[in-house]
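Note sheet for the following structure.
Number of protein chains: 4
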Amino acid sequence: MPDIAAVKAALAGQRIETPSWGYGNSGTRFKVFTRAGVPRDPYEKLDDAARVHEFTGVAPKVSLHIPWDKVDDYAVLSTYAKDRGLELGAINSNTFQDDAYRLGSVCHPDPKVRRKAVDHLLECVDIMDATGSADLKLWFADGTNYPGQDDVVARQDRLGEALAEVYGRLGDDQRLLLEYKLFEPSFYTTDVPDWGTSYAHCLKLGPKAQVVVDTGHHAPGTNIEFIVAFLLREGKLGGFDFNSRFYADDDLMVGAADPFQLFRIMHEVAKNGGLDRAANVAFMLDQCHNVEAKIPAVIRSVMNVQEATAKALLVDLDALAAAQAAGDVLAAHAVLMDAYDTDVRPLLREVREERGLHPDPVAAYAASGWQERIAAERVGGEQAGWGA
Amino acid sequence: MPDIAAVKAALAGQRIETPSWGYGNSGTRFKVFTRAGVPRDPYEKLDDAARVHEFTGVAPKVSLHIPWDKVDDYAVLSTYAKDRGLELGAINSNTFQDDAYRLGSVCHPDPKVRRKAVDHLLECVDIMDATGSADLKLWFADGTNYPGQDDVVARQDRLGEALAEVYGRLGDDQRLLLEYKLFEPSFYTTDVPDWGTSYAHCLKLGPKAQVVVDTGHHAPGTNIEFIVAFLLREGKLGGFDFNSRFYADDDLMVGAADPFQLFRIMHEVAKNGGLDRAANVAFMLDQCHNVEAKIPAVIRSVMNVQEATAKALLVDLDALAAAQAAGDVLAAHAVLMDAYDTDVRPLLREVREERGLHPDPVAAYAASGWQERIAAERVGGEQAGWGA
Amino acid sequence: MPDIAAVKAALAGQRIETPSWGYGNSGTRFKVFTRAGVPRDPYEKLDDAARVHEFTGVAPKVSLHIPWDKVDDYAVLSTYAKDRGLELGAINSNTFQDDAYRLGSVCHPDPKVRRKAVDHLLECVDIMDATGSADLKLWFADGTNYPGQDDVVARQDRLGEALAEVYGRLGDDQRLLLEYKLFEPSFYTTDVPDWGTSYAHCLKLGPKAQVVVDTGHHAPGTNIEFIVAFLLREGKLGGFDFNSRFYADDDLMVGAADPFQLFRIMHEVAKNGGLDRAANVAFMLDQCHNVEAKIPAVIRSVMNVQEATAKALLVDLDALAAAQAAGDVLAAHAVLMDAYDTDVRPLLREVREERGLHPDPVAAYAASGWQERIAAERVGGEQAGWGA
Amino acid sequence: MPDIAAVKAALAGQRIETPSWGYGNSGTRFKVFTRAGVPRDPYEKLDDAARVHEFTGVAPKVSLHIPWDKVDDYAVLSTYAKDRGLELGAINSNTFQDDAYRLGSVCHPDPKVRRKAVDHLLECVDIMDATGSADLKLWFADGTNYPGQDDVVARQDRLGEALAEVYGRLGDDQRLLLEYKLFEPSFYTTDVPDWGTSYAHCLKLGPKAQVVVDTGHHAPGTNIEFIVAFLLREGKLGGFDFNSRFYADDDLMVGAADPFQLFRIMHEVAKNGGLDRAANVAFMLDQCHNVEAKIPAVIRSVMNVQEATAKALLVDLDALAAAQAAGDVLAAHAVLMDAYDTDVRPLLREVREERGLHPDPVAAYAASGWQERIAAERVGGEQAGWGA
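Residue numbers (the working numbering), protein chains in the order written: chain A, 1151 to 1538; chain B, 1151 to 1538; chain C, 1151 to 1538; chain D, 1151 to 1538.
Structure follows, in structure tokens:
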């Protein structure tokens, strides 16, 4: 049976990174709905992220997205974060929102466009140096929409070349995290469509290159926890972009669509050492809160990851291994389900209270008056969102 | 064996409706790429549509989208169209691009929002009266993103009520075409997610309500031609929104992703009387040309529908029926494939030449200088696109 | 807040029907694994079903499959069931395991084959008269594997004709439940592929025809609870064939693959009156226990349905409606999740104990010695399974 | 423009391997339909395969499946093949049709079962030595049905160990081809579910291990031609198991469900050197002819591959590259489609006639009287099929 004190310690020590863009407006291709109080610059995003950390106690890191979070002086931004108990996390590159990138960025047929894209990636490493960020997270929208549009193999060559140059620029304590995605915004081929492609490139690049698993980026029916376990076995799991989906890359709150899947993922993480600090797996959110209130949605998402983690930590691994070795399908399944069926909310409330936090972060945030304050104060200016 | 003269006559008589928004800018949630020469108002869209009709000879109708194509005087717009050999086609409503519609339009929990949405739909019928359009095409983005967000059944009640009011407003020669879509922009429930839901509502409304099949709006694995055949059998197929997809609602050029599927659809249409004028099936395009040149893409799309139709008309229905009755699977399949494997481009070139058209619409358009002219002339002002 | 006494009463009164074939061997096209103690005839299947009811208290009904459960005298079988506290449930027809049905049964191009199939269906109604079964459950494997193989519309005509004849034969208290399935064993078209097709036929047949939802028979991404809610609204939900799947029609234990989905389904059922006796919704299992022990798997499945039902009954519908009316997405979602996150196993243990049952049916069955007994006694003869 | 003489030479030199089991009975889990004239032993399967080669001229190789094609003396079988103009191709292992393999074979938790499985694989290499087969094709049904059932990572360890032992046994001119499959017969995890897993294992094993792409083994939406291009770029594409599907692993005739996809695959093969003898890509069929006549279905399948290859060879690669380099999406797409839209049947008829073959293999087979002969002669005995 799991040791409850150890479970609590693990939960208290967990770190979940929230994305700056989760605090801004977002939407679909049909409409971006605006909301009162949305931040207008990176500083206000950090103010909101600070609330999430204040009430959950496990979200001190904030991912930035360049150029959406571009500032004149990253040292100032970093200090601003530290003053609020935060630190700057992964730097996310953007090679998809410039008219030059219509046919791709690092895979574009035109070397001038590729140069522009690689220069942006190198600039991101410069920013990492300035912010102290350890992770460069690369997601490429590159691909094609029509059969014949471009040469699949030539694009891989260009991709490999760009990655090699960026990899060579990384400092000793910096990583390149390569994300994959089945489709969107490319609708025929995507240049890094699956974990296999990302893994193959990371293998060639070297130990500082690892795969990022975005839980919304797979084909229907894909067993994500298998991929997670496989990558952990190979030492190639760099981290997660958590969110959930019923259909495509819906970017809903993690755990909202299939909490059992999230539990199964966290079970593989926990069982295979992925919660150990040494494994250096980054647990990041990457979500769009299109119709719901943004800060409470981030809080709920952090809590959903916590609850899945708690359940994963409650799995009786000895009993599980024994039933598996005996080939007792139902008994092994029952061990796993017993943990999943447990209501871990009381346990997490205890963990919070033991750390001096309010047991219910959602209620605490609601009572804090922050939402009313930002709605009143943040008027005028341009709200942050996709592309801003 | 099909009578070639009859096939040619059918092809010459076919009508394919192009959407005004296909000439404007479009994109994904990540980026809308702008292109030189894109229209800045509904009149310029008609100018472009006129080129498509000029070179293909089968695309005289243009669907409008309200409010994107709002003008002060629709009689003027209608005359402008007629002067260019065009006529105004289906009126498409828009109940998804106003901040009020964050949680839905005709299914919104707040009756004030529903009133606003229904008023817009009634306004669309007013516009139909003014333009002489016969079809009101309704697509609702309504739905929810999270389990529990709203009451599925209550939303159906609200939907039914709104549809009934609009249906009651239709003139004798007007139809209500109800589109369905699996998901996007709603990511948990969609209020009209599949043909069954649309069919059930149309059945209750009456004979002037019919289903529209958008070829990109289905779950993976859905057999679209089955739905088409079923709806034709029931007299409930109002028309198509043609496009193609590899993944979700990719809105690629029709026939680009799976030309065999398009052929199978047109085979069911042709075999079940759907090409007859009396069947009144509207063959409309609904596409987004995100990375390719827009007018040539519409021309190519029209030609793709023509080619699929030509192949469908070449199916030897007698031989097919005989093989089917004999239970000879391979022979029946071979009859269908024989038509599909035929290169119908020479036949279509003949059809065009017999009508005094250039045999190659793409080449004719390229040679016309139109693209260069609009790129030069259409500077300043705001380009039309999603939402404009 | 839900009234716990009422919740308990509802749980105690719930009835879950188990399938006779769930006790026999089953497998995939690659292999049927045999297991010790598997029944060799319908009587031994009832013996096993009696154990499931003995330990769960909510599974008195057993679905039969004809001809797998054919006996000389159904009155004897019925008495045998009653003596064990059971009753015979839905009669399932089989028009797919005869060489005559290679190209279909009721939709076959050859009228002689259709006659044979319809005669079998009529025989099933005769058996219902003998057993007192109220439900005729029809699933047709009919369809085609290749484009062109047969005429989609003609097949619908034949289907409609067959259904009408069978419907006409039903007694006043008998129902025809029409199941749909996306694919398998047909791989191009299926003649009843989706709920819309089943619904349209049931509507034409009349009030005694209703739709059965098999939870494993949908395209990826289909929102099953929407269909359930829609059918309940229309009075056309006849019942469920419960099972679960990660991929296609995997026929795993219900609740094993996506327990949250099962909860959402049961939430729609409970909220829309589907648990009321008057609604007459049949909650049936339809599963294949290919690798796990069969009787404990059925017990676990029954418990999974109970747990999902318990959670659904715990949803605070007033709070839900209030949050929905207020348009508070996160609050409404939280009300639903609060019920789902509750560990309902203690409540169900109480319900069992109050009825004089062992609180843990799995443990009680294991302790009963039944498995050892049947393994020892049921030697010789032919084990029952798919097709036997 | 492609040189027609070279295209013809390439088509005449193409080799397509047919599977012994394609000539036997097959079916779904619901029913195996028997057909008159089906072979009763490996020799009769070769007799049928000889007809396919006789009429197509490009199918001299026959894949065997052990133990379905077990004979006492493989030298005799090999001679029997040679006497009919055939040679024995890939040896396919079977570690899924023994009761011992209920929970897996090389990944089974019990080392005794793993030993049994590995011994079978080694026996297959012995058979390769006897038959002169160069390829060992491994497909593992291994996996789990329920979360928790077994340890995903431990299973990978066992898999790696088994593969290493078998790899070590290979002769200098022998290859290990590792197939992957999303699901079925395992319904939760599959131990080699995707190309990435197969690729990672092959990379560790060494140059004699390569990936096999079965065109029916992917998640919905997977871009297969991308995988093919990627593996060719890495020198890791061992071959194909060709078939087609609308849904899951339907095992329909290749090219029947999506002929455009087959063309796109063959385009990547042709463009990236995969048709060169040096590339050593095996073009194998792996199909089940459940409802259609078997030998004509194999002939049709071979022709479908030929037609897709012919179209791929007709792609004007210079024009394609020029349009791609220019970023002209529609022009590049048009170059590809121009080849696809071509009716290549006349060209293939010419290729056949120049080689002294009948231009229409289907008609030639029908006229040969073979089907009538085997229906009359092959009576008594047990028909071959899955598992026999």
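Even for Gly, the Cβ is constructed at its ideal location relative to N, Cα and C.
With a cut-off of 9 Å, does the C-beta of A:K1262 fall near any C-beta of chain B?
-> As a working note, residue 1262 of chain A is residue 112 in the first sequence. A:K1262 does not count as touching chain B.
Residue-chain proximity (B:F1396, chain D), Cβ-Cβ < 9 Å | Here residue 1396 of chain B is taken as the residue at index 246 of the second sequence, counted from 1. Taking Cβ atoms only, chain D reaches closer than 9 Å to B:F1396, which makes this a yes.
With a threshold of 16 other CB atoms inside 10 Å of the CB of C:V1529, please say whether the residue is buried or exposed.
-> Translated into positions along the third sequence, residue 1529 of chain C becomes position 379. So C:V1529 counts as exposed.
By Cβ distance, which residues of its chain are closer than 6 Å to B:C1438, with the 5 residues on each side in sequence left out?
-> Position 288 of the second sequence holds residue 1438 of chain B. For B:C1438, where only same-chain residues beyond five positions count, the Cβ hits under 6 Å are S1176 and D1401.
Uninterrupted beta strand (DSSP E) stretches inside the stretch 1155-1243 of chain D (no shorter than 3 residues) | 1211-1215 and 1237-1242
With distances taken between CB atoms, is the gap from B:G1239 to B:E1204 smaller than 9 Å?
-> Your numbering for residue 1239 of chain B matches position 89 in the second sequence. Your numbering for residue 1204 of chain B matches position 54 in the second sequence. Not closer than 9 Å, so no.
Positions along the stretch 1290-1308 of chain D whose CB lies within less than 7 Å of some CB in chain C = A1291, N1295 and Y1296
Reference B:A1159, options B:R1252, B:L1480 and B:L1425, closest by Cα | By 1-based counting over the second sequence, the position of residue 1159 of chain B is 9. The shortest C-alpha separation from B:A1159 is found at B:L1425.
In angstroms, rounded to a whole number, what distance separates the CA positions of C:A1534 and C:K1181?
-> On the third sequence, residue 1534 of chain C is found 384 positions in, with the first residue counted as 1. On the third sequence, residue 1181 of chain C is found 31 positions in, with the first residue counted as 1. C-alpha separation (whole angstroms): 15 Å.
Less than 8 Å between the CB of B:Y1251 and some heavy atom of the ligand MN, yes or no?
-> You won't find the ligand MN in this model; it holds no ligand whatsoever.
Per-residue contacts from C:D1400 into chain B (C-beta, under 8 Å) = Counting from one through the third sequence, the residue named residue 1400 of chain C turns up at place 250. Near C:D1400 there are no residues of chain B at all, since even the closest Cβ is about 15 Å away, more than 8 Å.
Return the chain-ordered ranges of every beta strand (DSSP E) run that is complete within the stretch 1390-1463 of chain C and spans a minimum of 3 residues.
-> 1432-1435
Do the stretch 1363-1378 of chain B and the stretch 1333-1345 of chain C touch if we need at least three Cβ pairs shorter than 8 Å?
-> yes
D:E1532 by DSSP, collapsed to three states: which one?
-> As a first step, residue 1532 of chain D is located in the fourth sequence; it is residue number 382 there, counting from the start. Looking at D:E1532 - three-state DSSP - the assignment turns out to be coil, as it is neither helix nor strand.
Give the DSSP-derived three-state secondary structure of B:G1318 in the structure shown.
-> Working through the second sequence from its first residue, we reach residue 1318 of chain B at position 168. Correct three-state label for B:G1318: helix.
Can you tell me whether B:A1525 is buried or exposed, with buried defined as 16 or more other CB within 10 angstroms of its CB?
-> The count along the second sequence starts at 1 and reaches residue 1525 of chain B at position 375. B:A1525 comes out exposed.
D:L1435 and D:V1448 closer than 9 Å at C-beta | Sequence index remark: in the fourth sequence, residue 1435 of chain D carries index 285 (1-based). Sequence index remark: in the fourth sequence, residue 1448 of chain D carries index 298 (1-based). Yes, they are a contact pair.
If we ignore side chains and look at the alpha-carbon of each, how far apart do B:N1393 and B:D1364 end up?
-> Indexing the second sequence from 1 puts residue 1393 of chain B at position 243. Indexing the second sequence from 1 puts residue 1364 of chain B at position 214. So the alpha carbons of these two residues sit roughly 7 Å apart.
Have a look at B:R1505, B:V1455, B:E1504 and B:G1423 and flag the residue whose alpha-carbon is nearest the alpha-carbon of B:L1467.
-> If you number the second sequence from 1, residue 1467 of chain B lands on position 317. The shortest Cα separation from B:L1467 among B:R1505, B:V1455, B:E1504 and B:G1423 belongs to B:G1423.
Any alpha helix (DSSP H) of 4 or more consecutive residues that is wholly inside the stretch 1303-1379 of chain B = 1345-1355
Chain D residues whose Cβ lies nearer than 8 Å to that of B:T1492 | By one-based count along the second sequence, residue 1492 of chain B stands at place 342. Here the neighbours are D1493.
Taking 9 Å as the cut-off, decide whether the C-beta atoms of A:D1300 and A:L1253 are in contact.
-> Numbered from 1 along the first sequence, position 150 holds the residue referred to as residue 1300 of chain A. Numbered from 1 along the first sequence, position 103 holds the residue referred to as residue 1253 of chain A. Yes.
Interface partners of A:A1475 on chain B, CB under 7 Å = Position 325 of the first sequence, counted from the start, is the residue given in the question as residue 1475 of chain A. The premise fails here: A:A1475 is roughly 38 Å from chain B at the closest Cβ pair, so nothing lies under 7 Å.
Looking at the unbroken beta strand (DSSP E) that takes in A:L1110, where does it start and where does it end?
-> This structure gives no information on residue 1110 of chain A, because the portion of chain A shown stretches from 1151 to 1538.
Could you check which residue in B:V1303, B:K1358 and B:A1162 has the C-alpha nearest to that of B:Y1317?
-> If you number the second sequence from 1, residue 1317 of chain B lands on position 167. The residue with the shortest Cα to Cα distance from B:Y1317 is B:K1358.
Under the assumption that A:T1168 contacts A:A1209 (Cβ atoms under 8 Å), give the Cβ distance between them as a whole number of angstroms.
-> Residue mapping note: residue 1168 of chain A aligns to position 18 of the first sequence, counting from 1. Residue mapping note: residue 1209 of chain A aligns to position 59 of the first sequence, counting from 1. Yes, they are in contact, since the Cβ atoms of A:T1168 and A:A1209 sit about 5 Å apart, within 8 Å.
Residues of its chain near D:M1278, where Cβ-Cβ distance is below 7 Å and the 5 sequence neighbours each way are ignored | Counting from one through the fourth sequence, the residue named residue 1278 of chain D turns up at place 128. Result list for D:M1278: I1241, L1286 and Q1324, in chain order.
Look at the Cβ atom of A:Y1490, then the Cβ atom of A:F1413, and state whether they are nearer than 9 Å.
-> Walking along the first sequence from the start, residue 1490 of chain A turns up at place 340. Walking along the first sequence from the start, residue 1413 of chain A turns up at place 263. Contact flag set, yes.
Would you kindly work out how many angstroms separate the C-alpha atoms of D:G1506 and D:A1514, rounded to a whole number?
-> As a first step, residue 1506 of chain D is located in the fourth sequence; it is residue number 356 there, counting from the start. As a first step, residue 1514 of chain D is located in the fourth sequence; it is residue number 364 there, counting from the start. Taking the straight line from one Cα to the other gives about 13 Å.
Cβ atoms of C:V1303 and B:K1421: under 9 Å apart, would you say?
-> For the purposes of this step, residue 1421 of chain B is taken as residue 271 along the second sequence, with counting starting at 1. For the purposes of this step, residue 1303 of chain C is taken as residue 153 along the third sequence, with counting starting at 1. Yes, the Cβ-Cβ distance between B:K1421 and C:V1303 is below 9 Å.
Inter-residue CB distance, D:V1479 and B:E1442 (contact presumed, cutoff 8 Å) | Counting from 1 along the fourth sequence, the entry for residue 1479 of chain D is found at position 329. Counting from 1 along the second sequence, the entry for residue 1442 of chain B is found at position 292. Indeed, because the Cβ distance is near 4 Å, the residues count as touching under 8 Å.
Taking B:D1269 as the query, report the chain A residues whose CB atoms sit under 9 Å from its CB, ordered along the chain.
-> Position 119 of the second sequence, counted from the start, is the residue given in the question as residue 1269 of chain B. Going along chain A, no residue has its Cβ under 9 Å from B:D1269, so there is no contact; the nearest lies around 19 Å.
Any chain B beta carbon closer than 9 Å to D:A1538 = Numbered from 1 along the fourth sequence, position 388 holds the residue referred to as residue 1538 of chain D. In this prediction, D:A1538 scores a pLDDT of 48, lower than 50, which makes its location untrustworthy; the coordinate-derived value is nonetheless stated afterwards. It does not: the Cβ of D:A1538 has no partner Cβ on chain B nearer than 9 Å.
Answer with buried or exposed for A:T1229, where buried requires no fewer than 16 other C-beta atoms within 10 angstroms of its C-beta.
-> Here the question's residue 1229 of chain A lines up with position 79 in the first sequence. By the 10 Å Cβ count, A:T1229 comes out exposed.
Counting contacts by CB-CB distance shorter than 9 Å, is B:L1326 in contact with chain A?
-> Your numbering for residue 1326 of chain B matches position 176 in the second sequence. With 9 Å as the cut-off, B:L1326 does not count as an interface residue toward chain A.
Backbone CA spacing between C:A1406 and D:P1496 [nearest angstrom] | Stepping through the third sequence from its first residue, residue 1406 of chain C is reached at position 256. Stepping through the fourth sequence from its first residue, residue 1496 of chain D is reached at position 346. Going by the C-alpha atoms only, they are around 54 Å apart.
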